[in-house]
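Asks: Structure below; questions to follow.
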Amino acid sequence: NDSAIDYTSKFYNKGEKFDIIILGAGEDSHIASLFPGHPEINSESSSFIAITDSPKPPKERITASKVLLKKSDCCFLVFLGDSKRIAYDMFNNPEISEEECPSKITKAIRNLNIITDLEIKGII
């Protein structure tokens with residue numbers, strides 16, 4: 011997609027990675043238009059990618075690839091609201107893969123910060 015190529019070019023003119031990213035996890039644990047089970051979750055591109063068949067509107071999107079997201083220096087990952095409980099639990103389940111839970115992509119980022127209003131087991 012020409013738009014993704016153009017966006018990548020402009021991005022790389024400013025640097026090769028994000029300094030800080032702030033991502034909200036969807037109820038299905040998607041982040042940055044990377045959805046569970048969608049083919050683009052396995053893209054090895056280190057740039058922005060075009061999504062032409064997103065499971066949620068809009069169908070056509072441009073997003074950072076998982077490779078590009080993993081290069082980030084710092085990430086704030088947000089799970090707010092009771093509707094994010096399943097996504098949060100999936101994120102913390104070691105038996106669930108990145109393909110099933112895209113928010114796990116952020117675990118590769120050196121400085122990962124989780125923001126949530128969910129009650130967390132074992133914490134008073």
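One rule links them: number in our numbering = place in the sequence shown (from 1) + 10. Note that CB positions come from ideal geometry on N, CA and C, so glycine has one too.
Spatial neighbours of GLU70 within its chain, please: C-beta separation below 8 Å, excluding the five flanking residues on both sides.
Replies: For the purposes of this step, residue 70 is identified with residue 60 of the sequence shown, where counting begins at 1. If you ignore the 5 residues before and after GLU70, its C-beta comes within less than 8 Å of the C-beta of ALA60, ILE61, THR62, SER64, all in its own chain and listed in chain order.
Asks: Alpha carbon to alpha carbon, how far is SER13 from LYS131?
Replies: Translated into the one-based positions of the sequence shown, residue 13 becomes position 3. Translated into the one-based positions of the sequence shown, residue 131 becomes position 121. In a straight line, the C-alpha of SER13 is about 44 Å away from that of LYS131.
Asks: Can you tell me which of the three DSSP states ASN123 falls into?
Replies: Counting from one through the sequence shown, the residue named residue 123 turns up at place 113. Correct three-state label for ASN123: strand.
Asks: Compare the C-alpha of GLU26 against each of ASP83, GLU50, ILE32 and name the closest.
Replies: In the sequence shown, the residue the question calls residue 26 occupies position 16. For the residues ASP83, GLU50, ILE32, the minimum Cα distance to GLU26 belongs to ASP83.
Asks: What is the residue span of the beta strand (DSSP E) that THR73 lies within?
Replies: Position 63 of the sequence shown, counting from 1, holds the residue named residue 73. From DSSP, the beta strand (DSSP E) with THR73 extends over 71-74.
Asks: Which runs of the alpha helix (DSSP H) at least 4 residues long sit entirely within the segment 61-121? Give them in chain order.
Replies: Listed in chain order, the complete alpha helix (DSSP H) runs (minimum 4 residues) inside the segment 61-121 are 76-80, 95-101.
Asks: Does DSSP classify ILE51 as helix, strand or coil?
Replies: Sequence index remark: in the sequence shown, residue 51 carries index 41 (1-based). Helix at ILE51.
Asks: What number of angstroms, rounded off, separates the C-alpha of SER19 from the C-alpha of SER57?
Replies: As a first step, residue 19 is located in the sequence shown; it is residue number 9 there, counting from the start. As a first step, residue 57 is located in the sequence shown; it is residue number 47 there, counting from the start. The alpha-carbon separation between SER19 and SER57 amounts to approximately 9 Å.
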